[in-house]
Structures are given as structure tokens and as C-alpha cells.
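Undergrad: Sharing a structure with you now.
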Amino acid sequence: MTWQAKLEALQDFFKGLDQALIAYSGGIDSTLVAKVAHDVLGEKAIAITAVSPSLLPEELEDAQLQAQEIGISHELVETHEMDNPNYTSNPVNRCYFCKSELHDTLKPIALERGYPYVIDGVNADDLQDYRPGIQAAKERGGRSPLAEVGISKMEVREISKQLGLSWWDKPAQPCLSSRFPYGEMITTEKLQRVGRCEVYLRKLGWRNLRVRSQEDTARIELPPTQIKDFMAQIDLDELVQTFQEYGFVYVTLDLEGYRSGKLNQILDKKTLAVHSA
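Under our numbering, the first residue of the sequence shown carries the number 609, and numbering increases by one thereafter.
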């Protein structure tokens with residue numbers, strides 16, 4: 609199918625609804641879903657963003673600006689996954705508990721207002737990765753129109769570009785908890801530390817990056833093609849001083865470079881099978 613045909617299929621999904629509630633993170637996936645929902649349903653579509661310590665304040669600002677650009681009604685709700693030790697202990701299925709909290713918060717709102725279910729931005733590529741949060745959404749009756757229509761991440765960007773959306777090439781920005789290796793306890797202070805470091809680097813012009821936290825050590829990941837430029841351009845003394853001011857003791861650069869889902873590479877197939885069941 610062409611991107612035009614897939615966009616039409618996505619539009620048809622919403623034409624089959626009287627109204628829609630979108631779980632809206634501000635990433636390009638859920639933003640495209642919100643855009644198409646609003647185009648089809650107008651004021652009968654709303655986007656709700658969950659606010660918690662795992663969401664960068666800058667990402668929340670982006671979500672608000674993008675919702676305004678789309679024209680969709682946008683609301684904020686607080687979620688409390690940080691109160692759940694099953695989440696903060698950071699097991700391999702941590703995302704299951706996060707999405708459970710998200711849907712347990714949004715579903716009552718949807719039902720109270722007459723929305724049939726919560727709609728998210730899971731795309732077709734996500735189904736090929738280890739994403740325990742998808743199971744939590746399914747258990748609570750959530751729908752994922754991008755995945756259902758078969759729209760990949762690349763197609764999300766292409767459709768967004770063709771629709772004239774200014775954020776079509778925005779780098780993926782999963783929640784800050786994804787910066788920690790499984791088993792390392794997650795705290796609000798650690799999330800803030802990582803977030804501040806990433807914002808610092810982005811303000812210097814490095815858009816696509818991760819700052820991984822391993823206890824007292826920060827590990828910077830950049831696309832492999834940017835590593836040499838980074839080393840040539842960055843003020844290392846200032847970088848180290850800034851990261852230490854934010855709470856890290858050691859600062860390192862990952863020479864292999866950034867790759868989405870990199871922390872999942874330590875998981876063996878047996879582990880994934882157990883937690884995907």
C-alpha cells in the first residue's frame with residue numbers, strides 16, 4: 609500500500625467512530641493519530657497527555673504546542689506509576705506497569721464521557737520489538753490504529769511530512785525511564801538528572817541522543833556518524849562539570865553509538881518469552 613492508501617485507511621478508522629480519546633505523548637506517532645482524528649471528527653476528538661516525572665518538561669511543552677497547531681482539544685492528567693514498586697524496581701516488563709497506570713487513568717475518563725476506548729500511537733514496527741506495554745493496553749481494550757492499519761515508523765514520518773506537519777522529523781523520545789538498565793531502581797531524582805543532561809546537550813545542537821544512567825555513571829549515546837564531530841566540537845571540561853553538577857560522578861561516551869532499544873540487547877529469548885506471555 610502507498611502512504612496515501614494507508615492515510616486513507618487511518619481516516620476510515622476514525623470515520624467509523626462518533627468520537628475519539630487519544631493517549632497523546634507528543635511523539636510523532638500519537639501526534640499523527642491526533643491530527644487525523646481531529647481532521648475527521650473535529651471537536652469530538654480530544655488528546656490527553658499523562659504527566660509524571662518520566663516525561664521531560666520540554667516534551668510536555670512540545671505536546672502542547674503541537675496540539676495547538678493541530679487544533680485538537682488537549683488536556684493533562686497526572687499518572688502515578690512512580691508510586692508502584694513494580695515499576696520503580698525497573699524489571700524487564702517495566703513498561704507493562706507504566707501503560708497499565710496510563711490506561712487505568714484514562715479509561716474511566718473515556719467511559720464517563722462516552723468514548724468507546726482509549727486510542728494510542730503504537731505503530732506497526734512497535735509490534736516487532738519487545739513492548740510489554742502493548743499487552744497492558746490490549747487487556748484494557750485500547751486500540752492502536754497505526755498498527756492496525758499497518759503504518760510503520762518511516763510511514764508515520766512520510767505521512768506527517770506530506771500533511772505539512774512541522775515535527776515530521778522529530779527524533780523519537782521515549783520516557784526517561786528507558787535510560788536505565790533493567791534492575792536499577794528508578795527515582796524521581798534520577799529521572800530529573802538524566803533529563804537535565806539531555807536538555808543540556810540538545811541546547812548545544814545534538815538532537816538525536818540518549819544519556820543512559822548506570823548508577824553514578826552517565827553514558828552518552830549519539831548516532832555513530834556524529835561521534836567524531838561531537839568529540840571535536842564539545843567542550844569536554846564544561847560537559848563533565850555540568851553532568852557532575854547535575855549529580856553524576858563519571859561521564860562516558862558510548863563508542864558503538866546510539867541505537868533504539870539498545871538496553872533490550874541483554875535480554876535473552878527465554879526472558880522475553882516469559883514476560884511476553
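All C-beta atoms, glycine included, are put in the ideal place defined by N, C-alpha and C.
What you are looking at is a predicted structure, and each value in this text was computed from that prediction instead of being measured.
1) Scan the stretch 713-766 and note each continuous alpha helix (DSSP H) run of 4 residues or more that stays entirely inside, going in chain order.
2) Helix or strand or just coil, what does DSSP make of Q612?
3) Can you give the Cα-Cα distance for N701 and P740, rounded to whole angstroms?
4) Determine the extent of the beta strand (DSSP E) in which H682 is found, giving its start and end residues.
5) Do the CB positions of N816 and P832 come within less than 8 Å of each other?
6) Check whether the Cβ atoms of Y790 and P699 sit closer than 8 Å, and answer yes or no.
7) Buried or exposed for T687, please, with buried defined as at least 16 other CB atoms from any protein chain shown within 10 angstroms of its CB.
8) In its own chain, which residues sit with a C-beta less than 7 Å from the C-beta of A617, not counting the 5 before and 5 after it?
9) With E829 and G865 assumed to form a contact (beta carbons below 8 Å), what rounded beta-carbon distance in angstroms separates them?
10) Secondary structure at I828, three-state DSSP: helix, strand or coil?
11) Taking just the CA atoms, how far does N694 sit from G635?
12) To the nearest angstrom, how far is the alpha carbon of L719 from that of V802?
13) A653 by DSSP, collapsed to three states: which one?
14) Exposed or buried, R787, counting other C-beta atoms within 10 Å across all chains shown (16 or more means buried)?
15) Assign G729 to one of two classes, buried (16 or more other C-beta atoms within 10 Å of its C-beta) or exposed (fewer than that).
16) Consult DSSP for R815 and reduce its assignment to one of helix, strand or coil.
TA: Per the coordinate set shown:
1) 740-747 and 753-757
2) The sequence position of residue 612 within the sequence shown is 4, counting from 1. Reduced to three states, the DSSP call for Q612 is helix.
3) On the sequence shown, residue 701 is found 93 positions in, with the first residue counted as 1. On the sequence shown, residue 740 is found 132 positions in, with the first residue counted as 1. Straight-line Cα distance between these residues: approximately 6 Å.
4) Working through the sequence shown from its first residue, we reach residue 682 at position 74. From DSSP, the beta strand (DSSP E) with H682 extends over S681 to E686.
5) Locating residue 816 in the sequence shown gives position 208, where the first residue counts as 1. Locating residue 832 in the sequence shown gives position 224, where the first residue counts as 1. No, the Cβ-Cβ distance between N816 and P832 is not below 8 Å.
6) Against the sequence shown, residue 790 aligns to sequence position 182. Against the sequence shown, residue 699 aligns to sequence position 91. Taking 8 Å as the Cβ cut-off, Y790 and P699 qualify as a contacting pair.
7) Within the sequence shown, the letter at position 79 stands for residue 687. Buried.
8) Taking the first residue of the sequence shown as 1, we reach residue 617 at position 9. Cβ neighbours of A617 beyond the five flanking positions: V757.
9) Residue numbering aside, residue 829 sits at position 221 when the sequence shown is read from its first letter. Residue numbering aside, residue 865 sits at position 257 when the sequence shown is read from its first letter. Yes, E829 and G865 are in contact; Cβ-Cβ is about 6 Å, under 8 Å.
10) If you number the sequence shown from 1, residue 828 lands on position 220. Strand, per DSSP.
11) Here residue 635 is taken as the residue at index 27 of the sequence shown, counted from 1. Here residue 694 is taken as the residue at index 86 of the sequence shown, counted from 1. In a straight line, the C-alpha of G635 is about 25 Å away from that of N694.
12) Along the sequence shown, one-based indexing puts residue 719 at 111. Along the sequence shown, one-based indexing puts residue 802 at 194. Distance between the alpha carbons of L719 and V802 is about 36 Å.
13) Residue mapping note: residue 653 aligns to position 45 of the sequence shown, counting from 1. A653: strand per DSSP, three-state reduction.
14) Taking the sequence shown and counting its residues from 1, the one referred to as residue 787 is at position 179. Burial call: buried.
15) Walking along the sequence shown from the start, residue 729 turns up at place 121. Buried.
16) For the purposes of this step, residue 815 is taken as residue 207 along the sequence shown, with counting starting at 1. Looking at R815 - three-state DSSP - the assignment turns out to be coil, as it is neither helix nor strand.
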